[in-house]
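Counted the way my numbering counts, the sequence shown spans residues -7 to 244. Beta carbons are placed, not taken as given, at the ideal position from N, Cα and C, and that holds for glycine. Below: the structure, in structure tokens.
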Amino acid sequence: MTGSDRPPVALVTGGGGDIGRAIALRLARMSAAVAIVDRDEAAANATALLVEQAGARALAIPADVSVARDTIAFVEATEASLGPIGIFANNAGIEGVVAPLHEYPDETFDQLLQVNVKGVFLGLKHVLARMMQRGTGAIINTASTSAIRGRAGLAGYVASKHAVLGLTRTAALDVAGSKIRVNAVLPGPVESRMIRELEGQARNSAIALRRNAASAHGRPQDVANIVAFLASDEAAHVNGAAWVVDGGMTLA
């Protein structure tokens, strides 16, 4: 996982949410110590408890990923408490609102870029700086199938997830030739608070969020399993890739 025989240290942002929690638990089953970052302190603590119950060390850190000083602080706290970060699940994100672009609120668009784009950028910047010193590590950014297609009513979310994929590819090129890898996982609709919120908004508007009948909602564990693979030595030759997890939805 990290080029070392000792158990790896994983950092998971957005670790209090459905997908983040599944990722943290899946990495714990790989014997990783896991730092869980979330704006919701209670949710981060709940995930940390589950990680500990799974037999792994855990650290819960309340923080805002879009604030540089918070990012620097949670990276430092992770390494001070658990050890060098070998796996980084750069997962935190928000959904915004459902509205046609010509009615999309400016403040919501700004907030999505701040959290989903700047938050991912800051995480990459400050974790990569440490991984580069050690010459090893695996980073997995959570994008979305919205990174590779348009979606009516989701201007802010779609723009932000396209940016996450662009940052992934750029970072992958920046580390090419090293033993550091940067990849992205692109979930389709996953049974979670986020998709329930978006679909609820769509039902109350004139906008329908199209879903291929061939694909039911995925599970958070489906995403976590791909993150675990990308974090493992089995993915040693995978860099800059976009792993779609959507049951074939984007094929239609």
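Option in the options with minimal Cα separation from residue i
| i | options | result |
| --- | --- | --- |
| Ala27 | Leu222, Glu68, Asp10, Val59 | Glu68 |
| Ala147 | Glu71, Asp166, Gln103 | Gln103 |
| Gly239 | Val4, Thr128, Asp214 | Asp214 |
| Leu93 | Leu42, Glu44, Asn82, Gly145 | Gly145 |
| Phe221 | Asp10, Ser73, Ile15 | Ile15 |
| Ser73 | Gly12, Ala50, Arg126, His154 | Ala50 |
| Phe66 | Ala52, Ile79, Gly78 | Ala52 |
| Ala55 | Gly75, Arg31, Ile172 | Arg31 |
| Trp235 | His209, Arg126, Thr160 | Thr160 |
| Leu178 | Ala81, Tyr96, Ala20 | Ala81 |
| Ile172 | Gly85, Val89, Asn231, Ile86 | Asn231 |
| Thr162 | Ala233, Ser152, Gly129, Leu105 | Ala233 |
| Thr5 | Ile77, Gly127, Gly85 | Gly85 |
| Val29 | Ala46, Thr70, Ala48 | Thr70 |
| Gly127 | Gly78, Val237, Gly210, Gln45 | Gly78 |
Separation of residue j from residue i, as counted between CA atoms
| i | j | result |
| --- | --- | --- |
| Val107 | Tyr149 | 11 Å |
| Ala7 | Glu99 | Reading the sequence as shown, one finds Gly at residue 7 and not Ala. Rounded to whole angstroms, Gly7 to Glu99 spans 25 Å at the Cα level. |
| Asp225 | Arg141 | 30 Å |
| Ala25 | Ser170 | 24 Å |
| Asp10 | Asn175 | 20 Å |
| Val43 | Val119 | 22 Å |
| Arg18 | Asn217 | 7 Å |
| Val167 | Arg(-2) | 23 Å |
| Ala34 | Leu243 | 38 Å |
| Ala155 | Gly75 | 30 Å |
| Glu183 | Val1 | 27 Å |
| Lys117 | Ser23 | 26 Å |
| Ala20 | Leu3 | 11 Å |
| Pro245 | Ser138 | Because the chain here runs from -7 to 244, residue 245 falls outside it and cannot be looked at. |
| Arg13 | Glu95 | 34 Å |
| Ala228 | Ala121 | 20 Å |
| Gly129 | Gly88 | 31 Å |
| Ala208 | Gln125 | 43 Å |
| Ala223 | Ala91 | 36 Å |
| Leu105 | Ser152 | 6 Å |
Closer than 6 Å: residue i CB and nearest the ligand FMN heavy atom
| i | result |
| --- | --- |
| Gln213 | The ligand FMN is not part of this structure, which contains no ligands at all. |
Residue i at chain C interface by Cβ criterion, 7 Å
| i | result |
| --- | --- |
| Ala216 | Here there is only one protein chain, and chain C is not present. |
First and last residue of the uninterrupted alpha helix (DSSP H) at residue i
| i | result |
| --- | --- |
| Asn217 | 212 to 223 |
Beta strand (DSSP E) segment containing residue i, residue limits
| i | result |
| --- | --- |
| Leu165 | Not the beta strand (DSSP E): Leu165 falls in the alpha helix (DSSP H), residues 147 to 167. |
| Asn175 | 171 to 179 |
| Leu3 | 1 to 5 |
| Val237 | 234 to 237 |
Could you tell me which whole beta strand (DSSP E) segments of length 3 or greater appear in the stretch 87 to 138?
128 to 134
If you pair each beta-carbon of the stretch 129 to 140 with each one of the stretch 105 to 121, do three or more pairs fall below 8 Å?
yes
Go through the stretch 7 to 50 residue by residue and report every complete run of the beta strand (DSSP E) that reaches 3 residues or more, in order.
25 to 30
Output the residue ranges of the alpha helix (DSSP H) runs that lie fully inside the stretch 51 to 82 and measure 4 residues or longer, sorted by chain position.
60 to 73
Give a yes or no on contact between the stretch 56 to 63 and the stretch 37 to 44, applying the rule of three or more CB pairs nearer than 8 Å.
no
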